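Below is one structure, written out as structure tokens; comments come after it.
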Amino acid sequence: MSDHLFCYGTLMEPRVLQMVTGKDFTLQDATLIGYSRYLVKGADYPGVVQNPAGETVGKLCLGVTASHLKALDRFEGDLYRRQLVKVKGHLGRTVNAWCYIVPRRAAMRLTKQEWMLEDYRVQFMKRYNIPLLP
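Per this note's numbering, residue 38 is the first one in the sequence shown, and the count goes up by one each step.
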């Protein structure tokens, strides 16, 4: 059985997702309603926290298995809690997907600075030793 995963940070970069899971996934544009994305203090990656007025644009990853989730759990670490959320996917259809959420008790570990994928790609892809593609 397979599930979906909503990616909103470094895992939106297909090469990072493949490094973590060992699989080249199909990704679709998607939006997580009711959450906002912020940079983690002292890091180059984001977290999302509940915010009734929030919307986070990301990618829906299709065909995620239990073994992929296990690898993703290790990658994400203890800041995040994996939970099922509803995301607006392809053609506005709402689907259930796993997402790594920063729980309220850990929200103080986030800045108030929005995180942007392009900034990450330009500034920090060297960290993963992956060349930037055009």
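Heads up, the beta-carbon is just placed ideally off N, CA and C, and yes, glycines get one too.
Remember, predicted model here, so these are calculated numbers, not experimental data.
Identify the continuous beta strand (DSSP E) that holds residue i and give its terminal residues.
i, result
"L76", "64-76"
"L40", "It should be noted that the sequence gives Asp, not Leu, for residue 40. Run containing D40: 40-44, per the beta strand (DSSP E) assignment."
Identify, in the order they occur along the chain, each residue of the same chain with its Cβ nearer than 7 Å to the Cβ of residue i, setting aside the five sequence neighbours on each side.
i, result
"R111", "none"
"V122", "F43, L69, A134, C136"
How is the alpha helix (DSSP H) around residue i delimited, first residue to last?
i, result
"L128", "Looking at the DSSP string, L128 is not in any alpha helix (DSSP H), and its letter there is neither H nor E."
"F113", "First, the amino acid is wrong: residue 113 is Glu here, not Phe. Element bounds for E113: 103-113."
Give every residue of the same chain whose Cβ lies closer than 8 Å to the Cβ of residue i, excluding the five residues on either side of it in the sequence, and list them in chain order.
i, result
"Y82", "G46, T47, L76, W152, Y157"
"L116", "V77, G84, V139, A143, R146"
Do residue i and residue j have their C-beta atoms closer together than 9 Å?
i, j, result
"L97", "G126", "yes"
"R118", "V139", "yes"
"V86", "F62", "no"
Answer with buried or exposed for residue i, where buried requires no fewer than 16 other C-beta atoms within 10 angstroms of its C-beta.
i, result
"R142", "exposed"
"S3", "Nothing can be reported for residue 3: it is not among the residues displayed for the chain, which extend from 38 to 171."
"R52", "exposed"
Could you name the residues of the same chain whose beta carbon sits closer than 6 Å to that of residue i, not counting the 5 residues immediately before and after it, in chain order?
i, result
"L154", "M49"
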